[in-house]
Structures are given as C-alpha cells and as structure tokens.
Amino acid sequence: MRFRFRPILAFCAAALVTGCAAQNTYGAAPDVTLTELEQLPTPTIVNQNIVGPQQLLNINVLGSELLSGKYLIDGEGRIDFPLAGKLEIAGLTPVAAARVIEDSLRGRYVLDPQVNVVPENIEELTVSIGGQVDNPGSYPATPGLTLMRAMNLAGGQEEFAKLDEVLVFRTVENQDYIGVYNLEAIQQGNYEDPMIFPNDVVMVGDSPSKRRLDTFLQFVPVLSTAVILLDRIGR
C-alpha cells in the first residue's frame, strides 16, 4: 500500500511535520505503504437488482395462474419456463428478464403477455461503521451517502472520538485502500464531505487510548496490499 501527502497538507503545517508524524503512526503495519493518489478510488457499484444463478424468482404472468409462480434459476443462469422452455436470464435486471419471458410467449402462446419478475431475498447494500460512535453496526448504503451522513446514521461520535483519525476502508478491483479524514475539518466546511459507498468500512479513532492503524490492522488481515492517506486530513 502507498500514501501521498501534499507538502503543505501532511499531518499538520510544514513547520510541525516532525512532531506530528511522531504522534500519528498511520500505516505502521509491514504491508502498508504510501500511495500517490489524492483520493480514494470510486468503486464499481454492483447492481444488486441483477438476477443470478440459484436465485428464486416470483414470476407473474397477467391473467395466467398456470404460468405464474416461483422459479429457480439453475447453475447455468437459466429457468425452465412452461411453454417457452429454457430461458437464459442470469445477468439481467428483473425488467429485462420479464421482457425475455414475454418475447418467448408472445404470438405462439399469449397474444400480448405482460410479465412481472420479482427476485426473492435481494441482499441489501450496506456500510459498516465502528470505533468511537454511539451505535456501531451495519447501515443501508443509500445513494448520496457521505461521511458526515454515515456518522449521523451511527448516532454521531462518542465523547472521546478522535475526529482527525476517521478511517475509510475500501476495496476497488481487488485492491485495498484506506483513507484518513479529519472529520472536524469537514464539519467546519474546510474540506469536501467525501462519498461513502457500499461495502465501505468507517472506523472512528479513540483519542484516550491512542488507538492507531497498526493496532487495528492486526484484526483485519484482508487489508494487506494498499493504503491511501487523503490530502484533506490537515487543518
């Protein structure tokens, strides 16, 4: 992993870099290195509304109880639909899957088929928020979620939260990154409130116990190949 610092926005002002670096042991784990990136990469959001193999679908054909029912997509991404036979629908949205079924029925079996497809047990997109917050846990990753909004979801910071040590863990294309933010500076409007995406992990530092990134990494073995320090952590 690699971090990048701008010359005037490291851990503090240029005249105080040496003293501040001694207090902030970010990236002390052996596999952590610096990156030249200035911000966390944006992940490719997987559309959870895509049907896939072994998924159960509720399919309703308007006006036909015989054709309507629950259908299981097989391991090859197909369903065995009455009258239409094997239909490949894995990788499609429910609306697109419905169109495939309609096209297979239209004309030969149903004059103007109207099909509705609803997947069962769609996994909810979430973010994990922990550390010094009132209500740590997993929360829905709603569109437009930012770091400050994520903190509000978790009830806000606790009394001893270290607001200049808020970490965002993110994986993009099998590469692990860690962004370090100064939440207080963001709350004051000095820096942009960064976006939070599904599967991000937000950790708020603990000022009294001086918890550091190297301690946290002992319990998160997956974080082994990449780290980033954002240039907006200074004040």
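Residue 322 is where the sequence shown starts when you use my numbering, and the numbers rise one by one after that. Every residue, glycine too, gets a C-beta built ideally from N, C-alpha and C.
Beta-bridge partners of residue i, as assigned by DSSP
i: Pro362; result: Pro362 is not bridged to any residue.
i: Ala482; result: Asp527
i: Pro461; result: Thr447
i: Ser385; result: Val382
i: Pro440; result: Leu378
i: Tyr392; result: Leu378
i: Thr356; result: The partner list for Thr356 (beta bridge, DSSP) is empty, contrary to what the question assumes.
i: Met516; result: Thr467
i: Ser488; result: Residue 488 is actually Leu in this sequence, not Ser. The partner list for Leu488 (beta bridge, DSSP) reads Val501 and Met524.
i: Gly452; result: Val525
i: Val431; result: Arg427
i: Val493; result: Gln496
When the options are compared against residue i, the one with the closest alpha-carbon
i: Val487; options: Val525, Tyr512 and Glu479; result: Val525
i: Leu378; options: Val454, Asn437 and Gly406; result: Asn437
i: Asn381; options: Pro364, Ile371, Asn511 and Pro434; result: Pro434
i: Glu397; options: Gly412, Ala418 and Pro374; result: Pro374
i: Glu479; options: Gln360, Leu413 and Gln453; result: Gln453
i: Thr356; options: Val522, Leu404 and Gln496; result: Gln496
i: Val501; options: Ser389, Asp485, Lys391 and Glu386; result: Asp485
i: Gly406; options: Leu413, Gly412 and Leu388; result: Leu388
i: Leu413; options: Thr365, Gln376 and Leu361; result: Gln376
Close-in-space but distant-in-sequence residues of the same chain around residue i (CB under 6 Å, 5 per side omitted)
i: Gly384; result: none
i: Ile462; result: Reading the sequence as shown, one finds Ala at residue 462 and not Ile. Contacts found: Leu446, Thr447, Val448 and Pro519.
i: Pro515; result: Leu468
i: Tyr430; result: Leu404
i: Ser459; result: Thr447 and Ser449
i: Tyr392; result: Leu378, Ile380 and Ile400
i: Arg427; result: Pro434
i: Val523; result: Ile450, Ala471 and Val489
i: Pro464; result: none
Sequence-distant residues of the same chain with beta carbon closer than 7 Å to residue i, five excluded per side
i: Leu408; result: Arg399, Ile400, Phe402, Val421, Ile422 and Ser425
i: Pro415; result: Asn370, Val372, Val438, Val439 and Pro440
i: Asn456; result: Ala475 and Gly476
i: Ala419; result: Val436, Asn437 and Val438
i: Asp521; result: Val448, Val489, Phe490 and Arg491
i: Gly390; result: Ile380
Short Cβ contact (8 Å threshold) for residue i with residue j
i: Met472; j: Leu446; result: no
i: Gln508; j: Met469; result: yes
i: Ile450; j: Ala482; result: no
i: Pro364; j: Val489; result: no
i: Ile394; j: Ala417; result: no
Span of the alpha helix (DSSP H), counted from its first residue to its last, around residue i
i: Gln496; result: Element bounds for Gln496: not the alpha helix (DSSP H) but the beta strand (DSSP E), Gln496 to Tyr502.
i: Leu426; result: Pro415 to Leu426
Cβ-heavy atom distance, residue i to the ligand ZN, below 7 Å
i: Tyr498; result: Absence of the ligand ZN from the depicted structure is noted, as is the absence of any ligand whatsoever, leaving it without description.
Residue interval of the beta strand (DSSP E) (run including residue i)
i: Leu408; result: Gly406 to Glu409
i: Arg399; result: Arg399 to Phe402
Chain C contact for residue i (CB, 8 Å cutoff)
i: Arg470; result: In the structure shown, chain C cannot be found, because there is only a single protein chain.
Same chain, Cβ closer than 8 Å to residue i, five either side skipped, listed in chain order
i: Asp527; result: Gly452, Gln453, Phe481, Ala482 and Lys483
i: Ile517; result: Val448, Ala462, Leu466, Thr467, Leu468, Arg470, Ala471, Val489 and Val523
i: Leu432; result: none
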